[in-house]
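**Q**
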Amino acid sequence: MSYFSDLGLAEPLLRALETKGYTDPTPIQKQAIPALLEGRDLLGIAQTGTGKTAAFSLPSLHRLAANPKARNSASCRMLVLSPTRELAAQIADNMRGYAKYLNLSVQCVFGGIPVGKQSRALVPGCDILVATPGRLLDLIDQRALTLRHVEIFVLDEADQMMDLGFIVPLKRVANMLPKERQSLFFSATMPKAIAELGKQFISNPVRVEVTPQASTAERVEQWVTFVNQSEKQALLTLKLKVGLAETEGFNAIDRALVFTRTKHGADRVVRHLATAGVNAAAIHGNKSQAQRTAALLGFRKGSIPVLVATDIAARGIDVTGVSHVFNYELPNVPEQYVHRIGRTARAGADGIALSFCAPDEKPYLRDIERLTGIKLDPMPLPENFQQDAARLPLPARKPAEAEQDARRDARDARGRGGPAARGGPGGRGAGGGGGGRNGNVSRGGQARDGKSRDAHAREAYRGDRPAAPVRGPLFNPLGNEARGAVEAVRPAADRPVAARPAGDRRPHGDRPHGDRPHGDRPRGDRPQGERAGGDRRPQGDRRPRGNGGNRGPVTRAS
Ligand code: AMP
6 MSYFSDLGLA EPLLRALETK GYTDPTPIQK QAIPALLEGR DLLGIAQTGT
56 GKTAAFSLPS LHRLAANPKA RNSASCRMLV LSPTRELAAQ IADNMRGYAK
106 YLNLSVQCVF GGIPVGKQSR ALVPGCDILV ATPGRLLDLI DQRALTLRHV
156 EIFVLDEADQ MMDLGFIVPL KRVANMLPKE RQSLFFSATM PKAIAELGKQ
206 FISNPVRVEV TPQASTAERV EQWVTFVNQS EKQALLTLKL KVGLAETEGF
256 NAIDRALVFT RTKHGADRVV RHLATAGVNA AAIHGNKSQA QRTAALLGFR
306 KGSIPVLVAT DIAARGIDVT GVSHVFNYEL PNVPEQYVHR IGRTARAGAD
356 GIALSFCAPD EKPYLRDIER LTGIKLDPMP LPENFQQDAA RLPLPARKPA
406 EAEQDARRDA RDARGRGGPA ARGGPGGRGA GGGGGGRNGN VSRGGQARDG
456 KSRDAHAREA YRGDRPAAPV RGPLFNPLGN EARGAVEAVR PAADRPVAAR
506 PAGDRRPHGD RPHGDRPHGD RPRGDRPQGE RAGGDRRPQG DRRPRGNGGN
556 RGPVTRAS
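My numbering numbers the first residue of the sequence shown as 6 and each following residue consecutively.
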């Protein structure tokens, strides 16, 4: 079965898929759709980017449409829970697209915006409701919603739900759902605690696993540049300036996602980039919903080519055509690395992930390499880096602002369980720097306040917790025009270079000297961090690069 038409989906769904240009189901869709059409529960171990939204949406829409029912007031027939607002909006948007030719209504509710209009919109009831847990409970507590009529329940990104401290709200939801229902439970990883949570929702499920948790996307080229913290900003600025100016070639950047460990670090990176003439926006929990939506929309449409994000804000976001992911700071939780680089190489495209590793982040790099089983290829600093970096303009900043930044970094680092909190190296504040010319002065991160990681994560993501009702407009954050272009079917010539099959790309030997992988460069040019030979893998040991364009993710099902 390699076409959607073989899976037994209703004609209006096939028509909607045709509109989107999807013909072949992805591995998770092939595995999940037949079982879900039969009404089975499902345990899905899959990251975003595998096509899991369609995997759960299509058979659910089919089943709802096959059994039409009058809408009950303040009710829904299908409930999808998502950990973040952006992901909720994205799922709702996708589902509206798939339900285009069906008479089914989709509503989306999440925190950070007034609740009044959302509760009014639920008065007549809807068929599908996509929600974040906090706002969902808020609406239930206000009696604007009941879960009594839910026939299909989907819990998406369960591991992130747990990271964000949503475990208690989820247990409340579990108790409110009718016993007779179909349940789908998705998580990118399945440690014991998540599996236990799953048991509360699903019974006798079909298990579908796509790309085992510890393996990073095969189509992503993964590189690491060893660089001092104080030089990271200059390195990023130069990479982006050069990459965005080029339309093809190894260096060309079409759209880049930059990850920082802290919210203020993200803002600071954006400030520096703006001063250097690079158009970027930040997305994190301190931004208003309107700012986050505008940034995401600009990034999707291409008017903002660089999005600087923290892990929580970016998780699950699906933007086609992300050619590069920059890990400005390495995540201190290695699984986050897998999630971050999963933002590129989506839907069959190739991508490049470049991590900036400061000396005190090397233990994080080792954790990442251990988890993924892949040794990242070292990429040296560009030629003339010091001279070019010295010429970059700096944003005007008063000394008091520098101090304020350092204090905020320290606070953020505590909140995110920075290196010191985790017993990690150095104790440098997340986002911190050595105070170099382009650096960020910060030495926070050591202090602990005794709060759990969950508690901090909840604080970092305050917007999704139940809030007092405020009156205001209902907000459709993505809008229809944001329903991403069908990049997967773009002709190769139109696609960014990173999205093309490896054969189209310049071989390593052809690349500008500064960007050549480690082994191609004279020894004296290599950055300090790579010379320690002892933990280097011989060239022949490296996994082959960039020939995975046609390879699908590994799929296992039982
Ligand atoms: P998801 O994992 O649900 O976030 O999906 C990742 C991306 O793949 C989204 O842009 C989907 O629209 C796209 N997608 C999902 N299914 C297919 C398919 N069968 N063929 C091509 N693209 C797909």
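Glycine included, C-beta positions come from ideal geometry on N, C-alpha and C.
How big is the Cα-Cα spacing for G121 and N256?
**A** Your numbering for residue 121 matches position 116 in the sequence shown. Your numbering for residue 256 matches position 251 in the sequence shown. If I take the Cα positions, the gap works out to 48 Å.
**Q** Helix, strand or coil: which one does DSSP assign to P383?
**A** Indexing the sequence shown from 1 puts residue 383 at position 378. Strand.
**Q** At which residues does the alpha helix (DSSP H) containing R20 begin and terminate?
**A** One-based indexing of the sequence shown puts residue 20 at position 15. Residues 16-25.
**Q** Could you tell me if the beta carbon of K57 falls within a distance shorter than 7 Å of some heavy atom in ligand 1?
**A** Indexing the sequence shown from 1 puts residue 57 at position 52. Within the cutoff, so yes.
**Q** Quick check: what's the CA-CA separation for K105 versus G26?
**A** Within the sequence shown, numbered from 1, the residue matching residue 105 stands at position 100. Within the sequence shown, numbered from 1, the residue matching residue 26 stands at position 21. Approximately 14 Å, taken between the alpha carbons.
**Q** Taking the beta strand (DSSP E) that N332 falls in, what are its first and last residues?
**A** Within the sequence shown, residue 332 is the residue found at index 327, counting from 1. Run containing N332: 329-332, per the beta strand (DSSP E) assignment.
**Q** According to DSSP, simplified to helix, strand and coil, what is G49?
**A** Taking the first residue of the sequence shown as position 1, residue 49 is located at position 44. In this structure, G49 counts as strand in the three-state DSSP scheme.
**Q** Based on DSSP bridge pairs, tell me the residues matched to G356.
**A** Numbered from its first residue, the sequence shown carries residue 356 at position 351. The partner list for G356 (beta bridge, DSSP) reads V225.
**Q** Can you name the start and end residues of the beta strand (DSSP E) that I2 belongs to?
**A** Coverage of the chain is limited to positions 6 through 563, which leaves residue 2 absent and any answer about it impossible.
**Q** Given this structure, state the Cα-to-Cα distance separating P387 from G170, to the nearest angstrom.
**A** Reading the sequence shown from its first residue, position 382 is the one you call residue 387. Reading the sequence shown from its first residue, position 165 is the one you call residue 170. Taking the straight line joining both Cα atoms gives about 42 Å.
**Q** Looking at ligand 1, does it come within less than 7 Å of Q238, judged from the CB to the closest heavy atom?
**A** The sequence position of residue 238 within the sequence shown is 233, counting from 1. Q238 Cβ: outside cutoff for every heavy atom of ligand 1.
**Q** Let me confirm a value: Y103 is counted as buried when at least 16 other C-beta atoms fall within 10 Å, else exposed. Which label applies?
**A** One-based indexing of the sequence shown puts residue 103 at position 98. With 16 or more other Cβ atoms within 10 Å, it is buried.
**Q** Taking Cβ positions only, does F171 come closer than 8 Å to chain B?
**A** The structure shown has no chain B; it contains just one protein chain.
**Q** Keeping to the same chain, check which residues put their C-beta closer than 6 Å to that of N99; ignore five residues upstream and five downstream.
**A** Here residue 99 is taken as the residue at index 94 of the sequence shown, counted from 1. Closer than 6 Å at the Cβ level, and outside the excluded window around N99, lie T58.
**Q** Please look up how many angstroms separate the CB atoms of T137 and T89, rounded, as I've assumed it's under 8 Å.
**A** Sequence index remark: in the sequence shown, residue 137 carries index 132 (1-based). Sequence index remark: in the sequence shown, residue 89 carries index 84 (1-based). At roughly 7 Å, the Cβ-Cβ gap stays under 8 Å, so T137 and T89 are in contact.
**Q** For the putative contact between Y333 and V263, defined by C-beta atoms under 8 Å, what is the C-beta separation to the nearest angstrom?
**A** For the purposes of this step, residue 333 is identified with residue 328 of the sequence shown, where counting begins at 1. For the purposes of this step, residue 263 is identified with residue 258 of the sequence shown, where counting begins at 1. That pair is a contact at about 5 Å.
**Q** For V111, name the three-state secondary structure that DSSP assigns.
**A** Along the sequence shown, one-based indexing puts residue 111 at 106. DSSP places V111 in strand when its eight states are reduced to three.
**Q** Using DSSP with H/G/I as helix, E/B as strand and the rest coil, what is T377?
**A** Stepping through the sequence shown from its first residue, residue 377 is reached at position 372. Three-state result, T377: helix.
**Q** Could you work out which residue in G356, T349, D323, G49 is closest to V159 when comparing CA atoms only?
**A** Mapped onto the sequence shown, residue 159 falls at position 154. Ranking G356, T349, D323, G49 by Cα distance to V159 puts G49 first.
**Q** Out of D29, V213, Q52, L144, which one is the CA nearest neighbour of C81?
**A** By one-based count along the sequence shown, residue 81 stands at place 76. Checked all of D29, V213, Q52, L144; the closest Cα to C81 is L144.
**Q** Leaving out the 5 sequence neighbours to the left and right, which residues in its chain are closer than 6 Å to L483 when beta-carbon positions are compared?
**A** The sequence position of residue 483 within the sequence shown is 478, counting from 1. In this prediction, L483 scores a pLDDT of 27, lower than 50, which makes its location untrustworthy; the coordinate-derived value is nonetheless stated afterwards. So the list reads A94, D98, once near-sequence residues are dropped.
**Q** For the structure I just gave you, are there three or more beta carbon pairs, one from the stretch 146-161 and one from the stretch 61-68, closer than 8 Å?
**A** Judged by Cβ distances under 8 Å, the stretch 146-161 makes contact with the stretch 61-68, as three or more pairs qualify.
**Q** Is the beta carbon of A394 closer than 8 Å to that of L570?
**A** Nothing about residue 570 can be read from this structure; the chain reaches only from 6 to 563.
**Q** D146: buried (16+ other C-beta within 10 angstroms of its C-beta) or exposed?
**A** In the sequence shown, residue 146 corresponds to position 141, counting from 1. Burial call: exposed.
**Q** Run through DSSP, which three-state label would L182 get?
**A** As a working note, residue 182 is residue 177 in the sequence shown. L182: coil per DSSP, three-state reduction.
**Q** Nearest by alpha-carbon distance to H329: which of Q238, R260, M167 is it?
**A** Here residue 329 is taken as the residue at index 324 of the sequence shown, counted from 1. The residue with the shortest Cα to Cα distance from H329 is R260.
**Q** Going by Cα to Cα distance, which pick from V229, L312, L359 is closest to F331?
**A** For the purposes of this step, residue 331 is taken as residue 326 along the sequence shown, with counting starting at 1. Residue L359 is the option with its Cα nearest to F331.
**Q** Starting from F190, follow its DSSP beta bridges and name the residues at the other end.
**A** The residue given as residue 190 occupies position 185 in the sequence shown. In DSSP, F190 forms a bridge with L48, L160.
**Q** Give the secondary structure of I199 by DSSP, where H, G and I count as helix, E and B as strand, and everything else as coil.
**A** Within the sequence shown, residue 199 is the residue found at index 194, counting from 1. Note: I199 maps to helix in three-state DSSP.
**Q** DSSP on R212, reduced to helix/strand/coil?
**A** For the purposes of this step, residue 212 is taken as residue 207 along the sequence shown, with counting starting at 1. In this structure, R212 counts as strand in the three-state DSSP scheme.
**Q** Looking at ligand 1, does it come within less than 7 Å of Q296, judged from the CB to the closest heavy atom?
**A** Here residue 296 refers to the residue found at position 291 of the sequence shown. No - ligand 1 has no heavy atom lying nearer than 7 Å to the Cβ of Q296.
**Q** Per DSSP, what kind of secondary structure is V263 in: helix, strand or coil?
**A** The sequence position of residue 263 within the sequence shown is 258, counting from 1. Note: V263 maps to strand in three-state DSSP.
**Q** Among all the DSSP beta bridges, which residues are the ones paired with A285?
**A** Taking the first residue of the sequence shown as 1, we reach residue 285 at position 280. Answer is V311, bridged to A285.
**Q** Which residue's Cα is closest to the Cα of S188: H277, Q205, L302?
**A** On the sequence shown, residue 188 is found 183 positions in, with the first residue counted as 1. Taking only the C-alpha atoms, the option nearest S188 is Q205.
**Q** Counting pairs of beta carbons, one from the stretch 229-244 and one from the stretch 359-372, are three or more of them closer than 8 Å?
**A** Yes, the stretch 229-244 touches the stretch 359-372.
**Q** Say the cut is 7 Å; is the CB of Y27 nearer than that to a heavy atom of ligand 3?
**A** Of the ligands this structure carries, namely ligand 1, none is ligand 3.
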